[in-house]
Amino acid sequence: MEKRDAQRPHIAPGIPDAEGRMRMLAAADDDLHGVELLRFAVDQAVAFLGGLGGMAHLTGPSPGGDLRLIVASGLPPALTRAWEKIDEEDAIAPARAIRRNALVWSPSSDVAISPHEHHASRSAQEFTSGASDAAVKTAITAVPLLGPHRPVGALSVLTTSPDEPSAEHQAFLHEITRWVYDHMHRPADVPPRQSPAWWQEQAVNWRLQQTLQTVGAWDWDIRTGEVVWNDTMLLIFGLDPDAFDGRIESWTSRIHPDDQPWVLAEIHNTIRDRRAYRAEYRVCRPGGEPAWVQARGLLLFDTNGRPAHMIGTLTDTTETHVVFDVLTENPKEHTRHIATQVGLRRGFHVRQLIRTLAEAITVQDVAAAVADQIRPLFGASGLTLGFVEGDHWRPVAFAGYPKEFIKRISEKTPVSNLAVMAVINDRVPTFLSTAEEYISRYPDTADLMAAGGKQAWAFLPLAASGRTVGISVIAFDEPRQFTGEERNLLTTLSGLVAQALERARLYDAQRTRAQALQRELLPRTLPRLPFVTTAARYVPASKDMEVGGDWYDVIPLSAARVAFVIGDVMGHGVSEAATMGRLRTAVRTLADLELPPDEIITHLNDLVCDLGEDFYATCQYIVYDPTDRRCVLASAGHPPPAIVYPDSTVHFLTTGVNPPLGAATPPFDTVEMELPEGTVLLLYTDGLVESATLNIDRGMANLADVLAQTFASGAGQSKAPETTRRGDVEFLEDLCERLTTTALPARPGMTDDAAVLVVRTRAMPDDDIAAWSLPEAAQAARQAREHVRAQLATWRLEDLVMSTELLASELVGNVIRHAKGPIGLRLLRSDTLICEVSDGSLTTPRIRRASETDEGGRGLQLVAALSDRWGTRYTPTGKCIWTEQSLPLAPRTASARVHG
Numbered sequence: 017m018e019k020r021d022a023q024r025p026h027i028a029p030g031i032p033d034a035e036g037r038m039r040m041l042a043a044a045d046d047d048l049h050g051v052e053l054l055r056f057a058v059d060q061a062v063a064f065l066g067g068l069g070g071m072a073h074l075t076g077p078s079p080g081g082d083l084r085l086i087v088a089s090g091l092p093p094a095l096t097r098a099w100e101k102i103d104e105e106d107a108i109a110p111a112r113a114i115r116r117n118a119l120v121w122s123p124s125s126d127v128a129i130s131p132h133e134h135h136a137s138r139s140a141q142e143f144t145s146g147a148s149d150a151a152v153k154t155a156i157t158a159v160p161l162l163g164p165h166r167p168v169g170a171l172s173v174l175t176t177s178p179d180e181p182s183a184e185h186q187a188f189l190h191e192i193t194r195w196v197y198d199h200m201h202r203p204a205d206v207p208p209r210q211s212p213a214w215w216q217e218q219a220v221n222w223r224l225q226q227t228l229q230t231v232g233a234w235d236w237d238i239r240t241g242e243v244v245w246n247d248t249m250l251l252i253f254g255l256d257p258d259a260f261d262g263r264i265e266s267w268t269s270r271i272h273p274d275d276q277p278w279v280l281a282e283i284h285n286t287i288r289d290r291r292a293y294r295a296e297y298r299v300c301r302p303g304g305e306p307a308w309v310q311a312r313g314l315l316l317f318d319t320n321g322r323p324a325h326m327i328g329t330l331t332d333t334t335e336t337h338v339v340f341d342v343l344t345e346n347p348k349e350h351t352r353h354i355a356t357q358v359g360l361r362r363g364f365h366v367r368q369l370i371r372t373l374a375e376a377i378t379v380q381d382v383a384a385a386v387a388d389q390i391r392p393l394f395g396a397s398g399l400t401l402g403f404v405e406g407d408h409w410r411p412v413a414f415a416g417y418p419k420e421f422i423k424r425i426s427e428k429t430p431v432s433n434l435a436v437m438a439v440i441n442d443r444v445p446t447f448l449s450t451a452e453e454y455i456s457r458y459p460d461t462a463d464l465m466a467a468g469g470k471q472a473w474a475f476l477p478l479a480a481s482g483r484t485v486g487i488s489v490i491a492f493d494e495p496r497q498f499t500g501e502e503r504n505l506l507t508t509l510s511g512l513v514a515q516a517l518e519r520a521r522l523y524d525a526q527r528t529r530a531q532a533l534q535r536e537l538l539p540r541t542l543p544r545l546p547f548v549t550t551a552a553r554y555v556p557a558s559k560d561m562e563v564g565g566d567w568y569d570v571i572p573l574s575a576a577r578v579a580f581v582i583g584d585v586m587g588h589g590v591s592e593a594a595t596m597g598r599l600r601t602a603v604r605t606l607a608d609l610e611l612p613p614d615e616i617i618t619h620l621n622d623l624v625c626d627l628g629e630d631f632y633a634t635c636q637y638i639v640y641d642p643t644d645r646r647c648v649l650a651s652a653g654h655p656p657p658a659i660v661y662p663d664s665t666v667h668f669l670t671t672g673v674n675p676p677l678g679a680a681t682p683p684f685d686t687v688e689m690e691l692p693e694g695t696v697l698l699l700y701t702d703g704l705v706e707s708a709t710l711n712i713d714r715g716m717a718n719l720a721d722v723l724a725q726t727f728a729s730g731a732g733q734s735k736a737p738e739t740t741r742r743g744d745v746e747f748l749e750d751l752c753e754r755l756t757t758t759a760l761p762a763r764p765g766m767t768d769d770a771a772v773l774v775v776r777t778r779a780m781p782d783d784d785i786a787a788w789s790l791p792e793a794a795q796a797a798r799q800a801r802e803h804v805r806a807q808l809a810t811w812r813l814e815d816l817v818m819s820t821e822l823l824a825s826e827l828v829g830n831v832i833r834h835a836k837g838p839i840g841l842r843l844l845r846s847d848t849l850i851c852e853v854s855d856g857s858l859t860t861p862r863i864r865r866a867s868e869t870d871e872g873g874r875g876l877q878l879v880a881a882l883s884d885r886w887g888t889r890y891t892p893t894g895k896c897i898w899t900e901q902s903l904p905l906a907p908r909t910a911s912a913r914v915h916g
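Mapping of the sequence shown onto the working numbering: position 110 corresponds to residue 126, and the numbering continues sequentially without gaps.
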């Protein structure tokens with residue numbers, strides 16, 4: 017891999033911007049292949065991010081196997097040795113980027129993680145130490161290298177920045193991986209020809225060996241990665257029996273670096289499509305000489321219908337290729353061979369386009385397929401894809417155009433003002449070979465043509481269901497004469513694109529309506545509360561247009577307590593969404609009755625059972641009391657909440673094994689716990705930690721890792737209440753975003769929606785709590801008024817003295833007259849003034865209308881008139897009647913501030 021370093025392109029330091037670097041990539045074009053292509057891409061990524069160095073890994077042919085280090089640039093061997101082989105299931109950035117098919121950024125603590133943990137940690141320490149005494153803080157950014165259906169590798173950049181890459185950096189990394197995809201997934205050209213002298217020198221010995229047996233045979237166990245060769249396979253590869261360890265990775269590692277990317281992609285496609293395998297490529301023998309081989313294989317399936325083995329043959333075709341090289345000294349033969357290679361490459365892209373369009377779901381999927389396959393198919397540089405809506409043109413995708421052009425064309429422009437008018441009306445493709453031809457035909461839009469910077473165009477109408485649904489414009493940087501074959505092929509492909517685009521547009525419209533319904537069923541905003549800070553996210557399933565049943569809520573209760581609830585109705589669809597809406601409404605109603613968590617879960621279970629046998633749901637209900645920092649939790653079939661303590665340790669609360677709603681039998685278990693000041697609670701649905709390819713135990717372990725890394729950095733440390741409200745909100749919002757982009761299962765494997773609710777808890781200061789015991793005698797009302805008057809004077813709430821005295825006196829009098837002791841009085845200062853009177857009776861007071869002749873019955877009417885809210889809740893020893901009053905707007909002292 018290091019022999020051609022002197023030949024690879026030099027990175028020009030004078031082009032620092034992303035657009036300039038993309039021009040460099042376009043200029044490199046077909047001059048790069050295989051390893052040199054990846055090395056050039058890594059160098060560009062490192063230079064643009066200002067990194068220390070970079071790497072490129074490729075996946076092996078076995079699903080879920082190892083990642084192999086193909087390219088390392090700017091990094092010392094002490095560091096790269098630990099990264100030469102990575103398990104695809106590891107938690108480090110390149111593996112996570114491939115699994116999630118998304119960009120992954122990890123701080124310095126992750127850089128030292130590898131399959132060989134001790135060795136990697138030592139290597140990373142050696143690397144970060146360098147020659148100075150102070151260690152360099154590093155981070156790694158990994159982005160997946162695209163494949164036809166799944167990532168085929170990862171490109172990683174090591175940096176010293178403590179911050180995540182900017183949006184511009186991330187966009188450049190994604191763009192460079194698309195560039196790599198365009199070049200990697202094309203049939204390999206014939207390599208530089210070998211001299212006839214080499215052939216003659218090798219021919220005699222090789223023919224003698226081939227007389228023993230001419231065809232190699234192999235058997236690959238796809239599940240274990242073990243492969244069995246016959247003796248001829250060893251002869252073809254030039255290996256001794258002891259030099260081959262029987263692993264598929266050892267086979268693929270001997271494929272020529274320039275051919276390795278597309279050969280591995282073809283193996284993946286063969287297994288996915290369940291078809292015969294055929295490929296011709298170069299291999300590297302121990303002596304350094306290359307050889308051509310042709311492999312053929314068939315899949316064998318297990319009893320469950322899954323691919324289990326691939327068996328096949330391998331033939332040495334080196335002699336044929338050397339002879340062909342000699343023959344191509346004839347210019348006509350050489351031209352014919354080039355045409356054959358172009359045809360092979362074009363056929364490859366057409367097959368990929370058809371397959372990708374068949375799997376495309378959204379409009380953006382269709383646009384990506386057209387950009388990734390049609391542009392390289394014809395060597396085009398620009399693409400515009402858009403809909404026709406009435407008399408206006410609405411572009412939906414661009415590729416290869418400057419920002420100024422995109423801005424102008426994205427404005428709501430009447431179709432009559434554009435060059436696409438005739439194409440739309442006539443439904444006939446238009447091919448313009450030069451800029452002069454464009455100007456002569458459409459002089460009114462010559463300025464728009466100049467802004468695009470193109471020299472040739474193919475205007476293709478997209479007709480489906482008997483009407484023109486849109487138009488695609490394929491553009492070229494140089495003048496181009498379109499052959500008849502190219503015109504026919506572009507016209508045919510435009511029909512396929514039109515069908516896919518119309519299907520995708522209908523899907524997007526239905527999905528938009530479904531998501532709007534989902535948003536209406538979830539809280540639009542979370543309440544702002546004095547002793548908790550909250551943030552939430554809902555992420556729909558990636559490939560499901562139907563609404564889901566995941567939901568969450570934050571419900572203020574009496575006495576500054578708060579209820580947190582999260583649930584998941586099993587299934588997807590309007591019926592499940594309606595059930596979710598019923599459950600959320602029922603929870604709010606039951607919470608307003610101040611029922612304990614286990615009773616609320618019991619009532620919800622009855623509700624789900626009444627809906628029928630096909631309805632099931634999970635639910636978790638937590639009540640937090642800031643006066644004593646205690647939480648009470650009840651759950652039905654829901655994953656346990658994660659607790660992050662102030663020292664950044666992560667713990668999953670054991671909630672008991674209660675079946676889901678609709679299948680459970682009361683009573684439900686409850687769990688009580690005391691939370692330290694500043695604890696963070698994480699409530700989530702199973703979609704965050706479980707998918708078809710990720711079991712829940714591994715998912716919860718990943719979630720714990722993300723939480724531990726986030727809080728270990730110190731970003732989530734609790735601070736004084738008066739300084740943390742805004743900071744807490746921003747931190748929890750960022751945490752939700754990180755969880756739904758990092759801990760969430762990879763999108764291709766994500767079949768369930770996910771909801772996340774994050775809560776930071778704080779305690780009510782002791783200075784804001786006052787409580788007294790009162791005698792069961794007539795003087796209790798007088799003592800209550802005295803306590804109220806004294807405490808409100810201390811809190812400088814003199815404006816509320818009269819009303820609060822009346823409330824306390826009335827409630828205490830009712831206890832003496834209608835209930836029984838012990839009697840308690842408590843005042844709480846939160847964002848409201850709370851007055852509570854408790855007793856030992858379970859009788860609930862009811863407000864009623866008193867007639868003119870009644871001597872009683874007006875006390876609760878007085879309570880309702882003097883307070884903003886009032887109610888009753890049961891306690892372990894009886895009941896409590898509470899009232900709330902708004903605080904006056906006068907300035908307050910530091911000791912009387914509203915906390916949080």
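Virtual Cβ for every residue (Gly too), placed ideally from N, Cα, C.
- Exposed is the label assigned to K419, since fewer than 16 other Cβ atoms lie within 10 Å of its Cβ.
- The continuous stretches of beta strand (DSSP E) do not include G597, which lies in the alpha helix (DSSP H) extending over residues 590-608.
- A direct Cα-to-Cα measurement between L506 and S481 gives close to 19 Å.
- Around the CB of G628, fewer than 16 other CB atoms lie within 10 Å, so the residue is classed as exposed.
- Between A155 and T175 a beta carbon distance of about 5 Å is seen, short of the 8 Å cut, so the two are scored as contacting.
- Within the region 420-474, the alpha helix (DSSP H) runs of at least 4 residues that lie entirely inside it are, in chain order, 437-442, 451-457, 462-468.
- Three or more beta-carbon pairs drawn from the region 833-846 and the region 771-789 are found closer than 8 Å, and the two stretches are therefore classed as touching.
- L704 sits away from Y568, with the two beta carbons spaced by 8 Å or more.
- If the five residues before and after R270 are omitted, its C-beta is found closer than 7 Å to the C-beta atoms of F253, V299, C300, all from its own chain and listed in chain order.
- The Cβ-Cβ distance between V581 and T756 does not fall below 8 Å.
- The C-beta distance from T695 to V660 rounds to 7 Å, short enough to meet the 8 Å contact threshold.
- Beta-bridge partners assigned by DSSP to S651: Q636.
- Contact annotation, G837 with E802: C-beta distance approximately 19 Å; criterion of less than 8 Å not satisfied.
- In the DSSP annotation of this structure, the continuous segment of the alpha helix (DSSP H) that includes I712 starts and ends at 712-728.
- Here the region 380-396 makes no contact with the region 452-466; the two share fewer than three CB pairs at distances below 8 Å.
- Contact annotation: V853 and V828 have beta-carbon atoms nearer than 8 Å.
- The C-alpha of L251 is placed about 12 Å away from the C-alpha of A307.
- Looking at the backbone, the Cα of H284 and that of E52 are separated by about 23 Å.
- Among the bridge pairs identified by DSSP, F403 is matched with R410, G486.
- Going by C-alpha positions, H190 is about 27 Å away from S729.
- Taking C-beta atoms as the reference points, P904 and L813 count as a pair closer than 8 Å.
- In this structure, DSSP gives G321 a state outside helix and strand, which the three-state scheme calls coil.
- Taking C-beta atoms as the reference points, A708 and D566 fail to come closer than 8 Å.
- Note that the C-beta distance between G887 and E615 is not below 8 Å.
- Between the region 365-383 and the region 461-480 there are fewer than three inter-stretch CB-CB distances shorter than 8 Å, so the stretches are not counted as touching.
- Pairing L876 with P861 gives a Cβ-Cβ distance under 8 Å.
- No Cβ-Cβ contact shorter than 8 Å links A779 with I839.
- Relative to the Cα of L476, the nearest Cα in the group D622, L65, T400 belongs to T400.
- One alpha carbon belongs to T670, the other to L649, and they sit about 10 Å apart.
- Three or more Cβ pairs drawn from the region 323-333 and the region 286-300 lie within less than 8 Å of each other, which places the two stretches in contact.
- Only buried fits F492, as 16 or more other CB atoms lie within 10 angstroms of its CB.
- Secondary structure of S266 (DSSP, three-state): helix.
- The alpha carbon of P612 has as its nearest neighbour, out of P277, S902, T686, the alpha carbon of T686.
- Rounded to whole angstroms, the separation of the alpha carbons of E900 and H165 is 59 Å.
- A straight-line Cα-Cα distance of about 41 Å links D769 and K895.
- Under the three-state reduction of DSSP, G500 is assigned to helix.
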